[in-house]
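Notes for the one structure printed next.
In full-length UniProt numbering, the protein residues as written are 1 to 324.
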């Protein structure tokens, strides 16, 4: 198995609760909150551990909330490499409205970064990157981090022959897709995005699976990443490879909470690649873990029992790509 390093620059203490009904202008009495360590890379490491693998989690944290996050991470028994963030770790809140069953998520921005911290995190990432392994950059980037950070990170880890897996959004995603990333050893192994993010970058609806496949395939052939995944929610995920496109539909399950589904997918997909499995099998395992995640409450991630149970119900099929 290849080693895995996850990077979380903008973690959060994830708090979740429920109230009878969300109404403006009133005091809303909530249940006792539950707290989890949050942030894309942290969640990916948690999923990898749940599925029987191991990773190291590089986490930027600071202030009292950072101490609370550190305690939560210790309870998860993760291998954590701490980095002193330039400000207090943020919090995020998920509130379920019992009257409607709807879930509302409130996410704060995180502390402002500067050039010194940027140089320090690139240096530490390069030192910690596993030789010949995978580095997972997942989650939002904090204010002050440049939009081309994923490319800077890919270049920083290239001398160690480590490959980057990026699950990013917003301006950083648009920048990465606009600039081909063919650098030493082709270090961007996988780029993942959801349907909304893909639609924004593509500038068109991507209504059908084949549309998503055409968009993802164009990014592969452009050299942005060796593998590109577009998640389509309940319609599953589309994978583009140099050899063709594939689709995996999730089994029908009761959706309790969608939080953590994407991170569960990335964790299972990364672990499969680290075990040397082909991308199509990684897609199948990612889909099973993502489906398992929606069965759990609030900010909980997938369970191994559910992921194993759902795996035989996930089938990968070839897909023809529609080009724009």
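Every residue, glycine too, gets a C-beta built ideally from N, C-alpha and C. Note that the structure is a prediction, hence the values are computed from the model and not measured.
Since I believe residue j is in contact with residue i (beta carbons under 8 angstroms), could you give me their beta-carbon distance rounded to a whole number of angstroms?
i: residue 307; j: residue 78; result: Wrong, their Cβ atoms sit about 19 angstroms apart, outside the cutoff.
i: residue 314; j: residue 288; result: 5 angstroms
i: residue 57; j: residue 42; result: 6 angstroms
i: residue 7; j: residue 137; result: 5 angstroms
i: residue 154; j: residue 81; result: Not confirmed; about 19 angstroms, so no contact.
i: residue 144; j: residue 112; result: 5 angstroms
i: residue 88; j: residue 62; result: 6 angstroms
i: residue 141; j: residue 176; result: Actually they do not touch by this definition, with Cβ atoms about 12 angstroms apart.
i: residue 121; j: residue 266; result: Not quite, the Cβ-Cβ distance comes to about 20 angstroms (not below 8 angstroms), so this is no contact.
i: residue 323; j: residue 214; result: 5 angstroms
i: residue 163; j: residue 189; result: 4 angstroms
i: residue 316; j: residue 283; result: 6 angstroms
i: residue 319; j: residue 210; result: 6 angstroms
i: residue 250; j: residue 290; result: 7 angstroms
i: residue 294; j: residue 261; result: 5 angstroms
Grouping DSSP H, G and I as helix and E and B as strand, with all else coil, what is residue i?
i: residue 184; result: Residue confidence is low: residue 184 scores 40 on pLDDT, short of 50, so the model does not pin down where it sits. Its coordinate-derived value is still stated next. Residue 184 falls in the coil class under three-state DSSP.
i: residue 177; result: helix
i: residue 102; result: coil
i: residue 88; result: coil
i: residue 20; result: coil
i: residue 310; result: helix
i: residue 7; result: strand
i: residue 260; result: coil
i: residue 323; result: coil
i: residue 209; result: helix
i: residue 271; result: helix
i: residue 301; result: coil
i: residue 266; result: helix
i: residue 204; result: coil
i: residue 214; result: helix
i: residue 224; result: coil
i: residue 254; result: coil
Between which two residues does the beta strand (DSSP E) containing residue i stretch?
i: residue 51; result: Note, residue 51: premise wrong, no beta strand (DSSP E); not H, not E.
i: residue 319; result: 315-319
i: residue 137; result: 134-138
At what residues does the alpha helix (DSSP H) containing residue i begin and finish?
i: residue 116; result: 115-128
i: residue 287; result: 279-293
In the DSSP assignment, what are the bridge partners of residue i?
i: residue 94; result: 16 and 105
i: residue 30; result: 19
i: residue 192; result: 167 and 229
Please decide whether residue i counts as near chain D, where near means a Cβ-Cβ distance under 8 angstroms.
i: residue 139; result: In summary, chain D is missing from the structure at hand, where a single protein chain is found.
* **Complete beta strand (DSSP E) runs within the region 142-177 (minimum length 3 residues, chain order)** => Segments of the beta strand (DSSP E) lying fully in the region 142-177: 163-167.
* Within the region 35-83, note down every full beta strand (DSSP E) run reaching 3 residues or more, in order along the chain. => 56-61
* Give, in chain order, every unbroken run of the beta strand (DSSP E) that is at least 3 residues long and sits entirely within the region 226-252. => 227-231, 237-241 and 244-249
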